[in-house]
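Residues are numbered in the numbering used here as their position in the sequence shown, beginning at 1, plus a constant of 33. Note that beta-carbon positions come from the ideal geometry of N, C-alpha and C, so glycine has one too. Notes follow once the structure below has been shown.
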Amino acid sequence: MISWGTLPKPIIALSPMADMTDSPFCRIAKEFGWPVVFREMVSSEALVRESAKTLHMAAFHEEERPLIQQIFGKDPLIMARAAEIIEKNFAPDGIDINMGCPVYKIVSDFNGACLMKDPARATAIVREMKKAVQAPISVKIRLGWSDPTECLDFVKQLEEAGAELITIHGRTRAQGYSGVADWEMVGRAKQQVSIPVLCNGDIHTPEKVFEALKISGCDGALIARGALGCPWFYQHYAEIRDTGVRQTEITPAFRADVVLRHAQLHMAEYGPRGITTFRKHLSWYFKGIEGIKSFRTELMQVNSMERLQELLAQFVADSGTASGI
Ligand SMILES: Cc1cc2nc3c(=O)[nH]c(=O)nc-3n(C[C@H](O)[C@H](O)[C@H](O)COP(=O)(O)O)c2cc1C
34 MISWGTLPKP IIALSPMADM TDSPFCRIAK EFGWPVVFRE MVSSEALVRE SAKTLHMAAF
94 HEEERPLIQQ IFGKDPLIMA RAAEIIEKNF APDGIDINMG CPVYKIVSDF NGACLMKDPA
154 RATAIVREMK KAVQAPISVK IRLGWSDPTE CLDFVKQLEE AGAELITIHG RTRAQGYSGV
214 ADWEMVGRAK QQVSIPVLCN GDIHTPEKVF EALKISGCDG ALIARGALGC PWFYQHYAEI
274 RDTGVRQTEI TPAFRADVVL RHAQLHMAEY GPRGITTFRK HLSWYFKGIE GIKSFRTELM
334 QVNSMERLQE LLAQFVADSG TASGI
């Protein structure tokens with residue numbers, strides 16, 4: 034079990050991302066040293082119904098530890114029961130509550146960021162979950178529903194209810210994923226509590242981690258989109274921390290090797306149809322590389338492991354030629 038208060042600081046962790054931070058991605062990420070990973074959110078109601086698919090989503094391999102499982106829901110007793118089920122079946126190192134998701138399907142049913150509008154319900158969820166499980170309870174929030182100062186009081190209430198760590202995405206629900214994350218406001222919220230607070234939002238390169246921590250004064254950061262197609266993000270961060278610059282060069286062969294091993298884990302997890310769902314990772318792995326438009330189009334149509342292997346071999350070979358990638 035994790036002890037947020039005594040972990041070495043700054044705490045740099047992989048942020049929960051639905052459909053992305055599943056077991057195969059977390060296993061690949063762990064190879065690059067991530068100290069903690071947050072797995073994608075799962076529904077408390079589905080857990081309580083004992084949905085086999087949802088239970089499978091929360092399963093993990095030992096090498097993913099320390100691992101935090103995130104759950105979402107609106108009913109304190111169902112959230113407590115779901116936490117119990119998670120703890121009994123999988124015993125993750127911590128359980129996180131989603132109070133930041135802005136998606137209509139989630140907030141229209143009073144889940145996710147909607148809980149920021151109802152602190153009494155939000156704190157009841159934390160309290161009931163604390164009573165139900167041993168695992169430390171953390172909460173991931175936004176700056177507010179529409180007013181970015183809402184978090185200043187909300188974090189105090191969460192701490193009082195027993196939350197042991199809070200992550201703040203520096204945007205309001207109204208902002209969705211646009212606009213710039215306000216690390217300064219995250220820092221103001223951090224000042225309101227004595228539990229560790231992690232800064233989140235727009236930390237898209239390892240270099241930005243240092244800037245976000247300096248501005249927010251937070252105890253660490255959760256990295257989301259910056260880690261997609263870039264599971265080595267943490268390794269680069271650690272290299273900059275220790276030597277001032279990135280050391281590991283991401284050559285085409287290096288990239289192809291990581292992609293292939295991730296694809297193999299993904300296929301082992303999801304079966305032959307996994308090749309289609311792996312395309313979302315492929316688009317992140319090859320994002321922003323110049324001169325590979327037609328290669329990218331072919332990647333997005335890949336329909337077998339053999340074809341993926343061929344394309345990756347071609348990517349590596351072409352990168353060594355004058356007209357290369
Ligand atoms: C594809 C995707 C899925 C996400 N799913 C979750 C989720 O399951 N739980 C959660 O708390 N946040 C989720 N988020 C939000 C991220 O964890 C993070 O808070 C947000 O992307 C801001 O960080 P970034 O600018 O570094 O991406 C998701 C984001 C993305 C892009």
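Under 8 Å between C-beta atoms of residue i and residue j
| i | j | result |
| --- | --- | --- |
| H202 | A194 | no |
| E339 | P57 | no |
| A257 | F266 | no |
| H269 | R279 | yes |
| W216 | S249 | yes |
| K241 | T200 | no |
| A46 | V69 | yes |
| F105 | I139 | yes |
| L198 | L148 | no |
| A115 | V81 | yes |
| H299 | G307 | yes |
| Q190 | T156 | yes |
| P109 | E192 | no |
| R204 | G234 | yes |
| L341 | V349 | no |
| V291 | I111 | no |
| W178 | K150 | yes |
| L255 | F71 | yes |
| K107 | N131 | no |
| A196 | I228 | yes |
| E83 | D55 | no |
| K164 | A124 | no |
Residue i - partner residues in DSSP beta bridges
| i | result |
| --- | --- |
| G253 | I44 and L231 |
| F105 | S76 |
| L100 | V70 |
| R175 | H202 |
| N131 | K173 |
Where residue i sits in the DSSP three-state scheme
| i | result |
| --- | --- |
| H202 | strand |
| S356 | Because S356 carries a pLDDT of 45, less than 50, the predicted location of this residue cannot be relied on, and no value is offered for it. |
| A346 | helix |
| C263 | coil |
| D275 | helix |
| S316 | helix |
| P49 | coil |
| E64 | coil |
| Q190 | helix |
| S327 | helix |
| R288 | helix |
| T87 | helix |
| L341 | helix |
| G321 | coil |
| G220 | helix |
| M162 | helix |
| S36 | coil |
Any non-hydrogen atom of ligand 1 closer than 7 Å to residue i Cβ
| i | result |
| --- | --- |
| S56 | no |
| M53 | yes |
| S171 | no |
| H202 | yes |
| C134 | yes |
| I360 | Here the chain has residues from 34 to 358 only, and residue 360 is not among them. |
| Q103 | yes |
| S211 | no |
| A62 | no |
| P420 | Outside the shown range of the chain (34 to 358) lies residue 420, about which nothing can therefore be said. |
| E73 | yes |
| A257 | yes |
| A214 | yes |
| N144 | no |
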